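Peer 1: Sending over a structure as structure tokens; questions will come in a sec.
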């Protein structure tokens, strides 16, 4: 699926964020629950994050140019990093709002109707988050996946808030409202950290997963019977694109056409391994008998 096709899912996230902000704020006004207020605040962050995701996906789909010969795919990592930061910011805002209620608990009002309204918002977020996470994994879009996980933290927040309010109604202990809100906020901080870490790994040109690298190695080993080997296999992932480079060592008595045919065959077979990605493969051909063919291993590392 193209990046432009993925934008429709981010627009869905924006619509969901606007709807849940209105619903949760209404629930807060009815109940006076700091938990519901913090929940509404997180939905505001969801809206900002979705708008950032839309901008970054639009940037990521721009074609390569002279200034960006390898494309703009890494824009997705900036989006998910910003999203992770906003998640953490939302968590601290929840703690900031809830802390005073630990010292001065306040009674809640209209609890039953508030719970029903907030439950409706949670159902909306749950459906949208599952769609975004599934599409993000399917299309290898860290932006969509991060946005979906962000919404899922909102669902968890809401679940904790609703549980707290229900416990307040059953027990009459108003202090449970801020305690649950703070507990959920701490869990959200962990989710935000994981998203930021994954984005940082992408920006640092982290290699593709070990099992995928092993597939490439197994394919290359098939050529040893032709006295063809390899070295300096390097991989990295940038958004939806995978970059793979390696040096092929072939018999020195081969002519140019034979070497070219080998490189073309290897590159095509590697691209076939990763058909669900946009895969770019670079090969460099060297004579297997020449010791100098091995000198560049140290340079590459």
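In the numbering used here, the protein residues as written are 1375 to 1675.
Virtual Cβ for every residue (Gly too), placed ideally from N, Cα, C.
Computed from a predicted structure; not experimentally measured.
Would a C-beta distance cut-off of 8 angstroms place residue 1454 and residue 1390 closer than the cut-off?
Peer 2: Going by C-beta atoms, residue 1454 is not nearer than 8 angstroms to residue 1390.
Peer 1: Determine the direct distance from the alpha carbon of residue 1387 to that of residue 1618, and round the result to whole angstroms.
Peer 2: Their Cα atoms are separated by approximately 33 angstroms.
Peer 1: For a test of the three-state rule: what should DSSP assign to residue 1661, helix, strand or coil?
Peer 2: Strand.
Peer 1: Evaluate contact between the segment 1623–1635 and the segment 1645–1661, counting only Cβ atoms and requiring at least three cross-stretch pairs below 8 angstroms.
Peer 2: Yes: at least three Cβ pairs fall under 8 angstroms.
Peer 1: Buried or exposed for residue 1585, going by 16 or more other Cβ atoms inside 10 Å?
Peer 2: Per the 10 Å Cβ criterion, exposed.
Peer 1: First and last residue of the beta strand (DSSP E) that includes residue 1616?
Peer 2: Per DSSP, residue 1616 belongs to the beta strand (DSSP E) from 1615–1624.
Peer 1: Would DSSP call residue 1655 helix, strand or coil?
Peer 2: Of the three classes helix, strand and coil, the one that applies to residue 1655 here is strand, per DSSP.
Peer 1: Which one of 1529, 1554, 1615 and 1511 has the shortest CA to CA distance from residue 1541?
Peer 2: The candidate whose alpha carbon is nearest that of residue 1541 is 1554.
Peer 1: Can you name the residues that DSSP bridges to residue 1524?
Peer 2: None; residue 1524 has no bridge partner.
Peer 1: In chain order, what residues of the same chain lie with their CB nearer than 8 angstroms to the CB of residue 1637, ignoring the 5 residues before and after it?
Peer 2: Contacts found: 1622, 1657 and 1659.
Peer 1: Could you give the distance in angstroms between the alpha-carbon of residue 1633 and the alpha-carbon of residue 1640?
Peer 2: Rounded to the nearest angstrom, the two C-alpha atoms are 11 angstroms apart.
Peer 1: Would you call residue 1475 buried or exposed, if buried means 16 or more other Cβ atoms sit within 10 Å of its Cβ?
Peer 2: It is buried - the Cβ of residue 1475 has at least 16 other Cβ atoms within 10 Å.
Peer 1: Count the other CB atoms, across all protein chains shown, that sit within 10 Å of the CB of residue 1430; report buried if there are 16 or more and exposed otherwise.
Peer 2: Result: buried.
Peer 1: Give me the DSSP bridge partner(s) of residue 1580.
Peer 2: Answer by DSSP bridge pairing: none, since residue 1580 is not bridged.
Peer 1: What is the C-beta distance between residue 1678 and residue 1652, in whole angstroms, given that I count them as a contact (C-beta under 8 angstroms)?
Peer 2: The structure shown does not extend to residue 1678, since the chain is modelled only from 1375 to 1675, so the question has no answer here.
Peer 1: Just to confirm my understanding: we take residue 1496, look at its own chain, exclude 5 residues before and 5 after, and list those with CB closer than 6 angstroms. What are they?
Peer 2: Excluding residues within five positions, the ones whose Cβ falls inside 6 angstroms are 1529 and 1532.
Peer 1: Return the first residue and the last residue of the beta strand (DSSP E) that residue 1317 is part of.
Peer 2: No statement about residue 1317 is possible, as the shown extent of the chain runs from 1375 to 1675 and does not include it.
Peer 1: On a CA-only basis, which of 1451, 1601, 1580 and 1411 is nearest residue 1465? Give me that one, please.
Peer 2: Ranking 1451, 1601, 1580 and 1411 by Cα distance to residue 1465 puts 1411 first.
Peer 1: DSSP three-state call for residue 1746: helix, strand or coil?
Peer 2: With the chain represented from 1375 up to 1675, any question about residue 1746 goes unanswered, as that position is not in the structure.
Peer 1: Classify residue 1435: buried if its beta carbon has 16 or more other beta carbons within 10 angstroms, exposed otherwise.
Peer 2: Buried.
Peer 1: Could you work out which residue in 1612, 1510, 1452 and 1490 is closest to residue 1382 when comparing CA atoms only?
Peer 2: Taking only the C-alpha atoms, the option nearest residue 1382 is 1510.
Peer 1: If I follow the unbroken alpha helix (DSSP H) through residue 1644, where does it start and stop?
Peer 2: Taken as a continuous stretch (DSSP letters only), the alpha helix (DSSP H) holding residue 1644 covers 1630–1647.
Peer 1: Can you tell me whether DSSP reads residue 1474 as helix, strand or coil?
Peer 2: Three-state DSSP puts residue 1474 in a helix.
Peer 1: Consult DSSP for residue 1564 and reduce its assignment to one of helix, strand or coil.
Peer 2: Looking at residue 1564 - three-state DSSP - the assignment turns out to be helix.
Peer 1: Which class does residue 1675 belong to by DSSP, given the choice of helix, strand or coil?
Peer 2: For residue 1675, the predicted structure reports a pLDDT of 46, less than 50, and the residue's modelled location is therefore unreliable. A value from the coordinates is still provided. Coil.
Peer 1: Looking only at its own chain, which residues have a Cβ that is under 7 angstroms from the Cβ of residue 1675, when we skip the five neighbours before and after it?
Peer 2: Because residue 1675 carries a pLDDT of 46, less than 50, the predicted location of this residue cannot be relied on, and no value is offered for it.
Peer 1: Relative to the C-alpha of residue 1491, which residue among 1539, 1602, 1666 and 1524 is closest?
Peer 2: It is 1539.
Peer 1: Determine the closest residue to residue 1487 out of 1415, 1655, 1569 and 1406, with distance taken between C-alpha atoms.
Peer 2: Residue 1406 is the option with its Cα nearest to residue 1487.
Peer 1: Secondary structure at residue 1440, three-state DSSP: helix, strand or coil?
Peer 2: Correct three-state label for residue 1440: coil.
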